[in-house]
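Taking it in order: structure first as structure tokens, then the write-up.
Residue numbers (our numbering), protein chains in the order written: chain W, 25 to 570; chain X, 173 to 501.
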């Protein structure tokens with residue numbers, strides 16, 4: 025009996041998890057597709073929305089514009105990210121740790137921040153306006169700059185991992201055979217990093233295409249798909265057309281996703297887990313000078329964009345009243361006071377806690393209990409979907425799925441829905457991180473447990489969970505930071521009681537209280553930054569104790 | 173140690189999901205964030221047994237939400253929502269008609285014309301230019317005084333305005349041009365204006381804030397949005413264009429089938445009271461109770477065009493399509 029239970033239990037648990045994924049991921053997407061077949065007055069019109077798509081004035085321009093700015097920003101992002109990652113992993117320049125931390129700065133702030141920072145620096149009143157050589161910030165130029173800042177941390181992270189993984193013996197062998205730095209770079213570094221580069225391209229492209237914060241602040245009179253989606257849904261109440269634009273935004277990410285799975289597999293085969301110590305890297309002044317120049321200037325730019333917002337948050341009224349003070353930080357005049365910040369923290373803690381628990385259990389069941397079963401394959405495939413759904417599309421899908429009396433669950437307008445939506449939005453990376461960490465654990469733990477006749481639940485809590493402590497903490501942190509800063513998915517769902525800090529930033533930005541918006545951004549960065557420092561300290565401590 | 177941390181986290185989560193009590197009234201509003209506490213104070217003084225929960229969004233989002241929630245209403249009433257949006261919502265049967273106490277004191281052009289009105293106005297506001305005097309001086313330009321002035325070549329790239337396609341205020345302007353200049357001339361005018369426009373915003377208040385920050389010199393916006401900017405010493409002056417100005421109302425209306433009908437009716441009664449009229453006059457200037465209209469806003473009130481809300485709502489799709497066809501690039 026116990027034997028039978030032991031066999032069935034993991035299946036049952038996985039089925040339970042899958043039944044949660046249905047309303048959380050599958051059903052909203054289905055409703056979105058369905059809604060695209062209806063017109064404004066909810067009359068079924070078949071494929072007419074699609075047929076009209078390119079006839080709708082502005083839409084075809086928005087498609088063209090979107091692909092133009094996204095492609096260009098992706099190219100720039102990946103080139104810069106590659107130099108940054110290369111500088112951090114393969115050169116002897118000073119301050120590699122500082123560079124790799126500072127590049128991550130934009131991750132800790134709401135997505136409106138790069139835009140606001142660029143306006144302060146390069147806008148009409150910006151100190152560095154002359155650097156644009158008379159070109160207008162508002163429009164394609166501003167959007168591209170903003171998207172680069174927004175996507176750079178993600179691309180750099182991917183490329184650092186990829187470049188670290190290159191087997192050092194290849195370089196030693198090449199040196200022994202007399203190859204120069206440039207030759208090694210072309211014949212070893214680039215080919216070995218190619219999967220990382222492809223991943224970085226896809227991630228940058230997907231993130232940029234669905235980004236709303238940057239074009240909102242810097243778009244000028246230039247229409248792109250993300251703002252067009254907002255205008256169609258919010259401005260003209262065209263849910264059907266909104267659904268079609270959403271599907272259009274999903275299209276490239278679907279391709280991305282398929283390619284990404286292929287790349288991940290290839291990457292797994294290549295990776296060598298050994299990290300390189302500083303002293304192993306050969307001395308090359310020219311290489312280091314070039315890399316230092318690029319890495320330092322990119323880092324300084326990022327710090328400037330974030331820093332100027334923090335600076336402005338202490339000013340009376342930028343750019344006319346530079347009196348220093350904390351008025352912006354009191355939120356006195358604001359209807360909601362500090363409650364959006366508190367709501368955001370509640371959301372972040374809930375998302376991080378339940379998200380980590382769910383993803384870890386799911387990854388454990390699918391990865392280690394029945395890795396070959398059909399169920400775990402289905403589970404793993406579904407978990408890859410959210411990565412490809414732009415936030416605004418997910419938010420819209422949730423409105424369609426949960427906002428009817430006959431909806432599956434009476435969740436509309438509740439805090440719980442916000443939590444579920446945010447977990448789903450960031451679940452793929454959380455799941456992959458858990459899976460990766462679990463697959464590297466010794467396969468024999470469960471086997472030993474069984475032989476000693478210990479319950480698998482005991483094995484899970486006493487062996488598996490403790491050995492993945494750092495991973496769990498990382499996933500917790502990842503979900504926490506993203507829940508604090510995300511705007512695109514929650515903009516349709518956050519309301520009254522559950523008004524969030526990141527949505528608040530957008531609202532006060534609209535009404536012109538930029539000081540408040542900057543102060544709110546600073547608070548958010550303070551919280552997310554503090555937690556990250558705690559994590560770094562724990563990690564350093566661990567290293568020291570070994 | 174690990175356990176303690178986990179329990180603390182779990183505790184916070186439980187706290188976050190705490191139950192919603194039923195003395196809460198959900199009010200959808202588009203009123204600016206810094207004004208809501210003042211309204212809340214008056215409402216909660218008169219209705220101490222209830223707690224007001226604001227859901228504050230732009231007009232477009234509030235309208236979209238109400239339409240999306242039609243079958244499952246979340247809001248008990250709308251408070252300060254604009255006329256153009258009210259007509260769309262009325263057409264979709266979102267409102268429950270109700271005659272509040274003191275209806276006889278309300279101006280006839282500021283309420284639904286039906287015997288039992290679907291909505292009651294509280295205040296009105298007009299469009300206007302937010303002009304940054306420092307920037308204007310820097311460029312050595314004269315103060316614009318009319319809509320036509322804005323198409324002059326010297327104002328090139330110095331103007332921000334709300335996008336009619338995504339902002340209620342933007343559509344209000346487009347509509348005012350069409351009603352004032354006639355359709356053909358209005359499109360021609362819009363083309364000239366866009367030639368000078370640097371930024372199209374999604375919100376009606378954003379152009380004024382861009383002018384206040386000096387990103388542009390002129391923001392086509394409203395005196396309605398300027399109070400908090402002036403308080404923070406922004407160098408802004410409001411200009412009422414000589415040809416006339418579009419205007420909008422902020423109104424209250426009861427939502428059909430909402431959870432707190434009785435309480436919502438009480439709030440609608442209060443919305444016509446002296447206290448609310450005085451408060452609205454302090455920033456909007458023009459109120460639904462004519463005796464409270466502020467003297468210094470009289471100029472704007474006099475320039476108000478004979479606005480046909482119904483016609484504006486009916487032609488909205490057509491005008492916006494035309495707008496996109498002509499100007500989306």
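Just so it is clear, CB atoms sit at the ideal spot from N, CA and C, and this is done for glycine as well.
Among the residues facing chain W, residue 289 of chain X is not included, as its CB has no counterpart in that chain under 9 Å away. In this chain, residue 227 of chain X is not harboured by any alpha helix (DSSP H); it is covered by the beta strand (DSSP E) spanning 223-228. Rounded to the nearest angstrom, the gap between the Cα atoms of residue 365 of chain X and residue 365 of chain W is 40 Å. Beta-carbon to beta-carbon, residue 333 of chain W and residue 542 of chain W are separated by about 5 Å, close enough to satisfy the 8 Å threshold. Going by beta carbons, residue 266 of chain X and residue 308 of chain X fall outside the 9 Å limit. Annotated three-state conformation of residue 172 of chain W is helix, per DSSP.
Look at residue 426 of chain X here: in three-state DSSP terms it is strand. Taking 9 Å as the threshold, the shortest C-beta distance from residue 253 of chain X to chain W does not fall below it. With at least 16 other beta carbons inside 10 angstroms of its own, residue 447 of chain W counts as buried. Residues of chain X whose Cβ lies closer than 8 Å to the Cβ of residue 240 of chain W are, in chain order, 374. Under the three-state reduction of DSSP output, residue 364 of chain W falls in the helix class.
Taking the Cα of residue 463 of chain X as reference, the smallest distance to any Cα among X:277, X:500, X:235 and X:471 is reached at X:277. Judged by beta-carbon spacing, residue 522 of chain W lies within the 9 Å limit of residue 442 of chain W, meaning their Cβ atoms are closer than that value. Under DSSP, no beta-bridge partner is assigned to residue 310 of chain X. Using a 10 angstroms sphere on the CB of residue 311 of chain X, the tally of other CB atoms stays under 16, which defines it as exposed. Residue environment for residue 40 of chain W: exposed (fewer than 16 other C-beta atoms within 10 angstroms of its C-beta). Below the 8 Å Cβ cutoff, chain W contributes no neighbours of residue 409 of chain X, its closest Cβ being approximately 14 Å away. Interface with chain X (9 Å Cβ-Cβ cutoff): residue 73 of chain W is excluded. For residue 304 of chain X, the secondary structure class from DSSP, reduced to helix, strand or coil, is strand. For residue 297 of chain X, no Cβ of chain W is located within less than 9 Å of the residue's own Cβ.
Apart from the 5 residues on each side of it in sequence, residue 90 of chain W sits with its Cβ closer than 7 Å to the Cβ of 233, 248 and 249 in its chain, given in chain order. With a minimum length of 4 residues, the unbroken runs of alpha helix (DSSP H) contained wholly in the region 391-472 of chain X fall at 399-403, 433-443 and 446-456. Within the region 388-422 of chain X, 388, 397, 400, 401, 404, 405, 406 and 407 place their CB atoms closer than 8 Å to a CB of chain W, listed in sequence order.
Residue 128 of chain W carries a coil assignment under DSSP once its states are collapsed to helix, strand and coil. Bridge pairing for residue 198 of chain X: X:225 [DSSP]. In this structure, the straight-line span from the alpha carbon of residue 437 of chain X to that of residue 421 of chain W is close to 33 Å. Just so you know, the alpha carbons of residue 540 of chain W and residue 306 of chain X end up roughly 23 Å apart. Residues of the region 460-488 of chain W with a C-beta atom less than 9 Å from some C-beta of chain X do not occur.
Taking all protein chains in view, the Cβ of residue 286 of chain W is surrounded by fewer than 16 other Cβ atoms within 10 Å, so the residue is classified as exposed. Interface with chain X (9 Å Cβ-Cβ cutoff): residue 247 of chain W is included.
Put simply, the region 371-381 of chain X does not touch the region 503-513 of chain W. Fewer than three CB pairs are less than 8 Å apart.
Collapsing the DSSP output to three states places residue 370 of chain X in a strand.
Using a Cβ distance threshold of 9 Å, residue 272 of chain X and residue 440 of chain X count as a contacting pair. Rounded to the nearest whole angstrom, the C-alpha separation of residue 480 of chain X and residue 255 of chain W is 24 Å.
Straight-line spacing of the CA atoms in residue 221 of chain W and residue 76 of chain W works out to 37 Å. No Cβ of chain W is located within less than 9 Å of the beta carbon of residue 359 of chain X.
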